[in-house]
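Asks: Next up is a structure, given as structure tokens.
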Amino acid sequence: MDLSSPISTVVPSLDGPVLRVLAEAEGGLSGRQIHKLAGSGSVAGVRLVLQRLAATGLVHVDDLGNSLLYRLNRKHLVAPIVEQLANLRSTLITRLADEISGWRIPPVHTSVYGAVARGGGDLESDVDLLLIRPDRHELEDVVWEDQVGRLMQTVVDLTGNPAHVFELSQTEFSDHLATEDPILNDWMQPNIRLTGVPLNVLLNDLEAALTR
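The letter at position 199 of the sequence shown is residue 1429 when you use the working numbering, and the numbering goes up by one with no holes.
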């Protein structure tokens, strides 16, 4: 799946980015505004798409005299499908959080970082996940590894993209903080929490403990 434009999985043409912008907008937008937010195609191409969508009734056009404003007709039969496609990234986040919430060994923290968190990526991009596990007895390693393995397969099943899991224990995470490892910036900027303690809270608690 193109992580920067998940809707293109189903709508690979310029219609996809245009529909995404319309689904996310609360009010009417001009053709130029839609082109800028879509980030693809030309202004003329976007206007052709809008004209075609308006002919189907999926898009309403408001004539303000000097300009035309376009908005998604949310009463249209297809509108709920468009909105669902436009929200695939948030759906992915919710599905991953739901799976991890059911784990037998709950993680201290799990989050998405990298391309998905930035709203970027492409067909070749990994879904980057940070997993901080509790410091546990070795006998529980099999259960934990099974959970992580199933999560990685879930990412592939949901997106077609591989999962890159950076997994470490609480102690190992503390060690990264103590040495001011640059990778902390990758995990923090930006970061979408899935489950557990928010990463900034965890960092603050560890920093406080290290300065005592």
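A virtual CB, placed ideally from N, CA and C, is assigned to each residue, including glycine.
1. Please state whether the Cβ-Cβ distance between Thr-1401 and Asp-1376 is less than 7 Å.
2. Entirely within the region 1318-1373 and at least 3 residues each: give me those beta strand (DSSP E) ranges in chain order.
3. On the premise that Ser-1341 lies in contact with Ile-1422, defined as a C-beta separation below 8 Å, what is that separation, rounded to the nearest angstrom?
4. Buried or exposed: which applies to Ser-1320, given that a residue is buried once 16 or more other Cβ atoms fall within 10 Å of its Cβ?
5. Roughly how many whole angstroms lie between the Cα atoms of Leu-1267 and Gly-1261?
6. Could you give the distance in angstroms between the alpha-carbon of Asp-1435 and the alpha-carbon of Thr-1324?
7. Leaving out the 5 sequence neighbours to the left and right, which residues in its chain are closer than 7 Å to Leu-1388 when beta-carbon positions are compared?
8. Can you give the Cα-Cα distance for Leu-1407 and Leu-1318, rounded to whole angstroms?
9. Would you mind working out which of Gly-1269, Gln-1419, Asp-1293, Gly-1246 sits nearest Leu-1283, comparing C-alpha positions?
10. Just to confirm my understanding: we take Met-1290, look at its own chain, exclude 5 residues before and 5 after, and list those with CB closer than 6 Å. What are they?
11. Rounded to the nearest angstrom, what separates Gly-1269 and Asn-1391 at their Cα positions?
Replies: A quick look at the data gives this:
1. Using a Cβ distance threshold of 7 Å, Thr-1401 and Asp-1376 do not count as a contacting pair.
2. 1339-1343, 1357-1363
3. 6 Å
4. Taking all protein chains shown into account, Ser-1320 has fewer than 16 neighbouring C-beta atoms within 10 Å of its C-beta and is therefore exposed.
5. 10 Å
6. 27 Å
7. Leu-1322, Arg-1325
8. 33 Å
9. Gly-1246
10. Here the sequence assigns His to residue 1290, which means Met is not the residue at that position. Hits under 6 Å: Arg-1301, Asn-1303.
11. 23 Å
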